[in-house]
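First up is the structure itself, then whatever we jot down about it.
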Amino acid sequence: MKEKEPVLFWPVRLEGQTLYILDETKVPEKVVYIKVRDYRQAVDAVVTMKTRAFGQFLTVVYAFILEARKAVQASPTDLRLLFEKIAEAFNASRPTFPFEEVTGMVLGVARGIGDGPQFRTVLLRSLEGMLDGIRRQRIGRAEAAARLLSSGDSVLTHCHVSGEMALIGAICRRQKKRVKFFATETRPYLQGARLTAWELKRAGCDVTLIPDNAVAKVMAEKKVSCVLVGSDRSARNGDFANKVGTYQIALLARHFNIPFYALVQPSRRLANGRDIPIEVRGDDEILTFEGRRLGDKKLQAYYPGFDVVPARLVTQHIAIGAPPGDVGRQDRNGGLCPLSGASPGEAGEGLDARP
Amino acid sequence: MHVHRPMPLIFGVPHKSFYKDFKPTMAFVAELRPGLEGTRVVAKELLRRRIQPVVICDNMMAHCMERGLVNGVHVFYGRLTRHKAVCRTGSLIAVLCARTHQIPTRLHRGKVSRREGSLLKLDGRNVTAQNIKTFVPPTEEVPLIYMDPVSRELRRKA
Numbered sequence: 036m037k038e039k040e041p042v043l044f045w046p047v048r049l050e051g052q053t054l055y056i057l058d059e060t061k062v063p064e065k066v067v068y069i070k071v072r073d074y075r076q077a078v079d080a081v082v083t084m085k086t087r088a089f090g091q092f093l094t095v096v097y098a099f100i101l102e103a104r105k106a107v108q109a110s111p112t113d114l115r116l117l118f119e120k121i122a123e124a125f126n127a128s129r130p131t132f133p134f135e136e137v138t139g140m141v142l143g144v145a146r147g148i149g150d151g152p153q154f155r156t157v158l159l160r161s162l163e164g165m166l167d168g169i170r171r172q173r174i175g176r177a178e179a180a181a182r183l184l185s186s187g188d189s190v191l192t193h194c195h196v197s198g199e200m201a202l203i204g205a206i207c208r209r210q211k212k213r214v215k216f217f218a219t220e221t222r223p224y225l226q227g228a229r230l231t232a233w234e235l236k237r238a239g240c241d242v243t244l245i246p247d248n249a250v251a252k253v254m255a256e257k258k259v260s261c262v263l264v265g266s267d268r269s270a271r272n273g274d275f276a277n278k279v280g281t282y283q284i285a286l287l288a289r290h291f292n293i294p295f296y297a298l299v300q301p302s303r304r305l306a307n308g309r310d311i312p313i314e315v316r317g318d319d320e321i322l323t324f325e326g327r328r329l330g331d332k333k334l335q336a337y338y339p340g341f342d343v344v345p346a347r348l349v350t351q352h353i354a355i356g357a358p359p360g361d362v363g364r365q366d367r368n369g370g371l372c373p374l375s376g377a378s379p380g381e382a383g384e385g386l387d388a389r390p
Numbered sequence: 017m018h019v020h021r022p023m024p025l026i027f028g029v030p031h032k033s034f035y036k037d038f039k040p041t042m043a044f045v046a047e048l049r050p051g052l053e054g055t056r057v058v059a060k061e062l063l064r065r066r067i068q069p070v071v072i073c074d075n076m077m078a079h080c081m082e083r084g085l086v087n088g089v090h091v092f093y094g095r096l097t098r099h100k101a102v103c104r105t106g107s108l109i110a111v112l113c114a115r116t117h118q119i120p121t122r123l124h125r126g127k128v129s130r131r132e133g134s135l136l137k138l139d140g141r142n143v144t145a146q147n148i149k150t151f152v153p154p155t156e157e158v159p160l161i162y163m164d165p166v167s168r169e170l171r172r173k174a
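So the sequence lines, in the order shown, correspond to chains A and B. So the first sequence is numbered by our numbering: it starts at 36 and just counts up by one. So the second sequence is numbered by our numbering: it starts at 17 and just counts up by one.
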């Protein structure tokens, strides 16, 4: 990759026996990392939403690697038992993100390695190799998305795609394409304002922040050429879940005849979007900001964290693992198939879950 | 909270006259960024009238409609032209999404401020880097063709 990797593109790193997780609640004021020394602290970082989206995926996989690195004397059986305990803890942490699929992928790797003195070494090498592959595939997906954009385009995006939007912007800049971005602020967590607009600006892109309620206005005034969003979870038929507000944008894009592109991780586990569980979060997340109440104490709020975009509203799925020149293909049912031989596991299922 | 029963959705700041015939037990109130008049002004008025407000963010309207939780949408104009209503930005989203989900939409007289407000702050606190360009249009035009016949009748009266 010729571009400098945005800080949110790979927000977790493992050094020796310490895991460093970017505290995304502090961005953009500060870029600070939480030090994690065991899987319980990693689970806590997920539950308290210090990390989100792709960071959650990395936290899970790195937590297994961390524990495997520490377990120098463990037998293959002991290590597999420990892995099952870790999987259980992550699976119970939050609902919409497909933790079971990620932990299942890691357990599958552990089960696939035969017992022997090299068990731990092979396991670590396999998991680290898997992450290297995912890094390459995400870069490939950003390049595929950049190919869809032309000079003069204005892209509307929602929420945050873990560094990928900034990478797409940087690739366009390298290719001398003048591409503008509109980022919705994405209430209540303001990921669009705090993360997307900030990192696009840092990457030298032309970005304008808009309130979530101005989407139809910018579309009606023909200020938007296309919509490009990430996804948290996909179904077999091409439906996908993303941060709440995405469905609304997809409906408006259809109304104003604007192409709607989605960066997805193909999955065959769920038949359609109705099968994706939607996390309903606490009222306070809407009714308070940094601990301060925004309205009367008697107010109630409804906060569905995600919504589902039906495949029929998507102009093009941009699938992770797609070969160069191809951005995805539809199967006979209109759903998206995993590409280039990558299994859903290899493709990094659920890369972009966010609060 | 979890919501299981459908209720009306208010997008905008109503004129006092709106409440005369508005008597549900609960109603969704869009928060109305950046000023949060939905959370602060509209919800407070509903509480005063013993209607329980359920605040949602402006980006949650379509999801609530799709899940069958909205049985009517109320938007508010500041000014009417022959074919369009000048409303709080976001009203067009509410109206178009309601149309898609076949939910009745009513247009009422309301208070529509032309003041822009800042996206870089919330409740006086910075939310992001202060050098980011913003676009915060206070109003937008909603074609009356998207409204229900009753609302069109109301427009004629107005």
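All C-beta atoms, glycine included, are put in the ideal place defined by N, C-alpha and C.
Where does F118 (chain A) fall in DSSP's three states?
-> As a working mapping, residue 118 (chain A) is identified with position 83 in the first sequence. Looking at F118 (chain A) - three-state DSSP - the assignment turns out to be helix.
Pull out every residue of the region 284 to 313 of chain A whose Cβ sits closer than 7 Å to any Cβ of chain B, in chain order.
-> Within the region 284 to 313 of chain A, the qualifying residues are L286, L287 and H290.
Going along chain B, which residues have a C-beta under 9 Å from K257 (chain A)?
-> By one-based count along the first sequence, residue 257 (chain A) stands at place 222. Within chain B, no residue comes near K257 (chain A); the closest Cβ sits about 14 Å away, beyond 9 Å.
Spatial neighbours of M163 (chain B) within its chain, please: CB distance less than 6 Å, with the 5 preceding and 5 following residues excluded, ordered by chain position.
-> Along the second sequence, read from residue 1 onward, the residue named residue 163 (chain B) stands at position 147. T121 and L123.
Identify the continuous alpha helix (DSSP H) that holds S189 (chain A) and give its terminal residues.
-> Taking the first sequence and counting its residues from 1, one reaches residue 189 (chain A) at position 154. Premise fails: S189 (chain A) lies in the beta strand (DSSP E), S189 to T192, not in any alpha helix (DSSP H).
So, does the CB of E199 (chain A) fall closer than 9 Å to a CB anywhere in chain B?
-> The residue given as residue 199 (chain A) occupies position 164 in the first sequence. No, its Cβ sits nowhere closer than 9 Å to a Cβ of chain B.
Nearest to V137 (chain A) by CA position, among A:L54, A:V95 and A:C261, is which residue?
-> Along the first sequence, read from residue 1 onward, the residue named residue 137 (chain A) stands at position 102. Considering only A:L54, A:V95 and A:C261, the residue with the shortest C-alpha distance to V137 (chain A) is A:V95.
Could you tell me whether the Cβ atoms of L395 (chain A) and A106 (chain A) are closer together than 9 Å?
-> The requested residue 395 (chain A) does not occur in the structure, where chain A is confined to residues 36 to 390.
Spell out whether any CB of chain A is found under 9 Å from the CB atom of F44 (chain B).
-> Counting from 1 along the second sequence, the entry for residue 44 (chain B) is found at position 28. Cβ-Cβ to chain A under 9 Å: yes for F44 (chain B).
Residues of the region 320 to 331 of chain A whose Cβ lies closer than 8 Å to any Cβ of chain B, in chain order = From the region 320 to 331 of chain A, only I321, L322, F324, E325, R327, L329, G330 and D331 have a Cβ closer than 8 Å to chain B.
First and last residue of the uninterrupted beta strand (DSSP E) at H352 (chain A) | Numbered from its first residue, the first sequence carries residue 352 (chain A) at position 317. Counting along the chain, the beta strand (DSSP E) containing H352 (chain A) begins and ends at Q351 to A354.
Quick one: using the 10 Å Cβ neighbour count with 16 as the cut-off for buried, is G94 (chain B) buried or exposed?
-> Along the second sequence, read from residue 1 onward, the residue named residue 94 (chain B) stands at position 78. Flag for G94 (chain B) reads buried.
Whose CA, out of A:A306, A:L43 and A:Q300, lies closest to the CA of L57 (chain A)?
-> Counting from 1 along the first sequence, the entry for residue 57 (chain A) is found at position 22. Out of A:A306, A:L43 and A:Q300, A:L43 has the C-alpha closest to the C-alpha of L57 (chain A).
Within the region 63 to 101 of chain A, ranges of the beta strand (DSSP E) (whole runs, at least 3 residues) | Fully enclosed beta strand (DSSP E) runs of 3 or longer: 68 to 71.
Residue range of the unbroken beta strand (DSSP E) whose run includes D342 (chain A) | Numbered from its first residue, the first sequence carries residue 342 (chain A) at position 307. It spans F341 to V344 - the beta strand (DSSP E) in which D342 (chain A) sits, taken as one unbroken run.
Mind checking if Q210 (chain A) is an interface residue toward chain B, Cβ cutoff 9 Å exclusive?
-> Residue mapping note: residue 210 (chain A) aligns to position 175 of the first sequence, counting from 1. Closer than 9 Å: no.
Contact set between L96 (chain B) and chain A, taken where Cβ atoms lie within less than 9 Å = Counted from its first residue, the second sequence places residue 96 (chain B) at position 80. Neighbours of L96 (chain B) in chain A, taken as residues whose beta carbon is under 9 Å from its own, are absent, since the nearest beta carbon is some 18 Å off.
For S269 (chain A), the three-state DSSP class (helix, strand or coil) | Counted from its first residue, the first sequence places residue 269 (chain A) at position 234. Strand, per DSSP.
Could you pull the start and end residues of the beta strand (DSSP E) that V299 (chain A) belongs to?
-> Start at 1 with the first residue of the first sequence, and residue 299 (chain A) comes out as number 264. Taken as a continuous stretch (DSSP letters only), the beta strand (DSSP E) holding V299 (chain A) covers F295 to V299.
Contacts around K236 (chain A), its chain only, beta-carbon distance under 6 Å, and the 5 residues preceding and following it disregarded = Sequence index remark: in the first sequence, residue 236 (chain A) carries index 201 (1-based). Excluding sequence neighbours, K236 (chain A) sits near V242.
M140 (chain A), buried or exposed, once every other Cβ within 10 Å from all chains shown has been counted against 16 | Counting from one through the first sequence, the residue named residue 140 (chain A) turns up at place 105. Buried.
Is A78 (chain B) near V158 (chain B), with beta carbons less than 9 Å apart?
-> Taking the first residue of the second sequence as 1, we reach residue 78 (chain B) at position 62. Taking the first residue of the second sequence as 1, we reach residue 158 (chain B) at position 142. At a Cβ-Cβ threshold of 9 Å, A78 (chain B) and V158 (chain B) do not count as neighbours.
What separation, rounded to the nearest whole angstrom, lies between the Cα atoms of V253 (chain A) and A218 (chain A)?
-> As a working note, residue 253 (chain A) is residue 218 in the first sequence. As a working note, residue 218 (chain A) is residue 183 in the first sequence. Approximately 11 Å, taken between the alpha carbons.
At a Cβ threshold of 9 Å, is H99 (chain B) touching chain A?
-> Counted from its first residue, the second sequence places residue 99 (chain B) at position 83. No - not a single Cβ of chain A is within 9 Å of the one on H99 (chain B).
Kindly indicate the opening and closing residues of the beta strand (DSSP E) around G94 (chain B).
-> Here residue 94 (chain B) refers to the residue found at position 78 when the second sequence is read from its first residue. Element bounds for G94 (chain B): V86 to L96.
Using only alpha-carbon positions, find the residue among A:G340, A:A80, A:R160 and A:S266 that is nearest to R104 (chain A).
-> In the first sequence, the residue the question calls residue 104 (chain A) occupies position 69. Answer by Cα proximity: A:R160.
Roughly how many whole angstroms lie between the Cα atoms of Q172 (chain A) and I284 (chain A)?
-> In the first sequence, counting from the first residue as 1, residue 172 (chain A) sits at position 137. In the first sequence, counting from the first residue as 1, residue 284 (chain A) sits at position 249. Taking the straight line from one Cα to the other gives about 27 Å.
Of all Cβ atoms in chain B, is any one closer than 9 Å to the Cβ of Y55 (chain A)?
-> Translated into the one-based positions of the first sequence, residue 55 (chain A) becomes position 20. Answer no: the Cβ-Cβ gap between Y55 (chain A) and chain B never drops below 9 Å.
V152 (chain B): contacting residues in chain A (beta-carbon distance under 9 Å) = Position 136 of the second sequence holds residue 152 (chain B). The answer, in chain order, is L244, I245, P246 and A249.
Hey, does A228 (chain A) have any beta-carbon neighbour from chain B nearer than 9 Å?
-> Taking the first sequence and counting its residues from 1, one reaches residue 228 (chain A) at position 193. With a threshold of 9 Å between beta carbons, A228 (chain A) makes contact with chain B.
Distance, Cα to Cα, L263 (chain A) vs L142 (chain A)?
-> Position 228 of the first sequence, counted from the first residue, corresponds to residue 263 (chain A). Position 107 of the first sequence, counted from the first residue, corresponds to residue 142 (chain A). Across the structure, L263 (chain A) and L142 (chain A) are spaced so that their CA atoms are roughly 33 Å apart.
How about H90 (chain B): is its C-beta nearer than 9 Å to some C-beta of chain A?
-> Position 74 of the second sequence, counted from the start, is the residue given in the question as residue 90 (chain B). False, the Cβ-Cβ gap to chain A never drops below 9 Å.
For chain B, is any of its Cβ atoms less than 9 Å away from the one on Q280 (chain A)?
-> What you label residue 280 (chain A) is simply residue 245 of the first sequence in a count that begins at 1. First, the residue type needs correcting, since residue 280 (chain A) is Gly and not Gln in the sequence shown. Taking CB atoms only, G280 (chain A) has a neighbour in chain B less than 9 Å away.
Chain B contact residues for V141 (chain A), given Cβ-Cβ distances below 7 Å | For the purposes of this step, residue 141 (chain A) is taken as the residue at position 106 of the first sequence. Contact annotation for V141 (chain A) against chain B: no contact, minimum CB-CB distance about 32 Å [criterion: below 7 Å].
Beta-bridge partners of E261 (chain A), as assigned by DSSP = As a first step, residue 261 (chain A) must be located in the first sequence, where it is residue number 226. Here residue 261 (chain A) is Cys; the residue named in the question, Glu, does not match the sequence. Residue pairing for C261 (chain A): DSSP places it in a beta bridge opposite A:V190.
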